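S.K.: This is the structure I have questions about; it appears just below.
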Amino acid sequence: MKKAPAHTGPNLFSAFLELRAFLEATAAASFQPMLRNIARGDGQPVIVVPAFMTGDGGTALLRRYLNAAGFESYGWKQGRNTGIRQEFLDNLLKQVEEVSAQHGGAKVSLVGWSLGGVYARAAANAEPEGVRQVITLGSPFNVATTDSISGGVAKLYEWVNPGGLSDPMLAAADTWRQSPPVPSTAIYSTGDGVADWQYCIDEPGYQTENVRVPGSHMGLTHNAAVMYAVAQRLAQKDDDWVPFNSNWLRRLCFRDAIAS
Numbered sequence: 285m286k287k288a289p290a291h292t293g294p295n296l297f298s299a300f301l302e303l304r305a306f307l308e309a310t311a312a313a314s315f316q317p318m319l320r321n322i323a324r325g326d327g328q329p330v331i332v333v334p335a336f337m338t339g340d341g342g343t344a345l346l347r348r349y350l351n352a353a354g355f356e357s358y359g360w361k362q363g364r365n366t367g368i369r370q371e372f373l374d375n376l377l378k379q380v381e382e383v384s385a386q387h388g389g390a391k392v393s394l395v396g397w398s399l400g401g402v403y404a405r406a407a408a409n410a411e412p413e414g415v416r417q418v419i420t421l422g423s424p425f426n427v428a429t430t431d432s433i434s435g436g437v438a439k440l441y442e443w444v445n446p447g448g449l450s451d452p453m454l455a456a457a458d459t460w461r462q463s464p465p466v467p468s469t470a471i472y473s474t475g476d477g478v479a480d481w482q483y484c485i486d487e488p489g490y491q492t493e494n495v496r497v498p499g500s501h502m503g504l505t506h507n508a509a510v511m512y513a514v515a516q517r518l519a520q521k522d523d524d525w526v527p528f529n530s531n532w533l534r535r536l537c538f539r540d541a542i543a544s
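Residue numbers 285 to 544, in my numbering, belong to the letters of the sequence shown in order.
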């Protein structure tokens with residue numbers, strides 16, 4: 285993958301608009317009954333990985349919706365996601381094996397919110413034979429790692445994640461920057477007030493796509509547009525992946541991706 289270009293990050297206005305997350309949660313609750321019947325699963329296993337400094341509680345609404353829509357979703361069960369750690373990745377890979385065994389050897393889909401998407405991509409690249417597909421939600425997997433962590437940011441990161449700056453996973457950025465060898469969808473918002481959207485998209489390819497949605501970063505796990513897109517992607521049949529396609533009604537919310 286080409287080297288990520290330098291960006292200035294979300295502007296102050298976008299950061300302020302993160303308050304939209306509360307309204308997005310309310311709207312999603314209203315749309316859920318309708319959304320459950322648009323894209324239906326048939327028991328496919330899904331692990332949802334939380335964002336930085338959040339845990340399974342932060343993905344509960346999305347997982348509840350996926351369960352109601354016919355999927356079998358799981359939290360990552362590792363507590364709070366405190367940063368990039370090889371231990372977290374190893375545990376996620378073990379969980380993929382365990383969940384697969386519980387479902388008769390079925391491949392497991394991985395949905396990752398923000399930093400959780402970094403783990404999802406790293407896991408799919410490490411053991412693609414056990415992963416069905418990857419969906420990232422506002423995940424800055426294409427950002428430089430150690431080069432962008434310095435000064436006060438480095439001290440803060442080290443404080444919440446002791447030993448994190450020397451963790452082997454941080455040094456192996458190719459394990460998540462490289463497009464996974466499985467179907468992969470990067471969902472992003474140009475109004476993201478936390479992660480620069482240009483770091484959250486992949487190079488479109490045979491089974492790699494970007495889907496733009498309206499909304500905030502903090503609301504990506506309880507955004508009606510995101511919920512529909514995730515369920516629609518997950519509902520596809522094995523070995524029959526096709527790019528996301530919106531009809532005239534869905535075009536009100538969805539836009540074609542913009543490649544960097």
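All C-beta atoms in this analysis are idealised placements derived from N, C-alpha and C, irrespective of residue type, glycine included.
The model shown is predicted, which means the values in this text are computed figures rather than measured ones.
Just grab the DSSP bridge partners of Thr420 for me.
M.R.: Paired residue(s): Gly396, Ala470.
S.K.: Determine the burial state of Gln379: buried for a count of at least 16 other Cβ atoms within 10 Å of its Cβ, exposed for fewer.
M.R.: Gln379 comes out buried.
S.K.: Ignore the nearest five residues each way along the sequence and tell me which others in Gly388's own chain have a CB closer than 8 Å to its CB.
M.R.: Closer than 8 Å at Cβ, skipping near neighbours: no residue.
S.K.: In this structure, does DSSP put Glu356 in helix, strand or coil?
M.R.: Note: Glu356 maps to strand in three-state DSSP.
S.K.: Give me the residue from Ile322, Gln328, Met502, Pro467 with the minimum Cα distance to Leu421.
M.R.: Selected option, being the one with the closest Cα: Met502.
S.K.: Once the 5 residues before and after Ser463 are set aside, which same chain residues still bring their CB inside 7 Å of it?
M.R.: The answer, listed in chain order, is Met285, Asp486, Glu487, Gly489, Thr492.
S.K.: Can you tell me whether Pro527 is helix, strand or coil according to DSSP?
M.R.: Correct three-state label for Pro527: coil.
S.K.: So, at 6 Å on beta carbons, what are the nonlocal neighbours of Gln417 in its own chain, with the 5 sequence-adjacent residues on each side left out?
M.R.: Contacts found: Ser393, Val466, Pro467.
S.K.: Mind checking whether Ala407 and Leu376 have CB atoms under 8 Å apart?
M.R.: Cβ distance < 8 Å, so Ala407 and Leu376 count as in contact.
S.K.: Classify Gly339 as helix, strand or coil using the three-state DSSP reduction.
M.R.: In this structure, Gly339 counts as coil in the three-state DSSP scheme.
S.K.: Tell me which residues share the same chain as Thr366 and place their Cβ nearer than 6 Å to its Cβ, disregarding the 5 neighbours each side in the sequence.
M.R.: Only Val444, Asn445 meet the Cβ criterion.
S.K.: Rounded to whole angstroms, what's the CA-CA distance from Gly359 to Gly339? Just pull it up for me.
M.R.: Cα-Cα distance, rounded: 8 Å.
S.K.: Touch check for the stretch 452-460 and the stretch 501-517: three-plus C-beta pairs under 8 Å?
M.R.: Touching, no.
S.K.: What are the start and end residues of the alpha helix (DSSP H) that includes Pro452?
M.R.: Where Pro452 is concerned, the enclosing alpha helix (DSSP H) stretches over 452-455.
S.K.: Quick one: what does DSSP say Gly477 is sitting in, helix, strand or coil?
M.R.: Here Gly477 sits in coil by DSSP.
S.K.: Taking buried to mean at least 16 other C-beta atoms within 10 Å of its own C-beta, is Val427 buried or exposed?
M.R.: Looking at its Cβ environment, which holds 16 or more other Cβ atoms inside 10 Å, Val427 is buried.
S.K.: Apart from the five residues on each side of it in sequence, which residues of its chain come closer than 8 Å, Cβ to Cβ, to Gly435?
M.R.: Any reading at Gly435 is ruled out, since the residue's pLDDT is 49, under 50, leaving its predicted position unreliable.
S.K.: Using a Cβ-Cβ cut-off of 8 Å (strictly less than) and excluding sequence neighbours within five positions of Met337, which residues of its own chain qualify?
M.R.: Result list for Met337: Arg364, Asn365, Thr366, Val444, in chain order.
S.K.: Pull up the distance between the alpha-carbon of Ser423 and that of Pro412, whole angstroms please.
M.R.: If I take the Cα positions, the gap works out to 19 Å.
S.K.: Considering only their Cβ atoms, is the gap separating Ala390 from Gln328 smaller than 8 Å?
M.R.: The answer is yes: Cβ separation under 8 Å.
S.K.: Could you please give the first and the last residue of the uninterrupted beta strand (DSSP E) stretch that includes Val333?
M.R.: That run of the beta strand (DSSP E) goes 329-333.
S.K.: Which class does Gly489 belong to by DSSP, given the choice of helix, strand or coil?
M.R.: Residue state, collapsed to three classes: strand.
S.K.: With DSSP run on the structure shown, which of helix, strand or coil describes Val415?
M.R.: Val415 falls in the strand class under three-state DSSP.
S.K.: Quick one: give me the first and last residue of the alpha helix (DSSP H) that Asp607 is part of.
M.R.: Residue 607 lies beyond the residue range present for the chain, which begins at 285 and ends at 544; the question has no answer from this structure.
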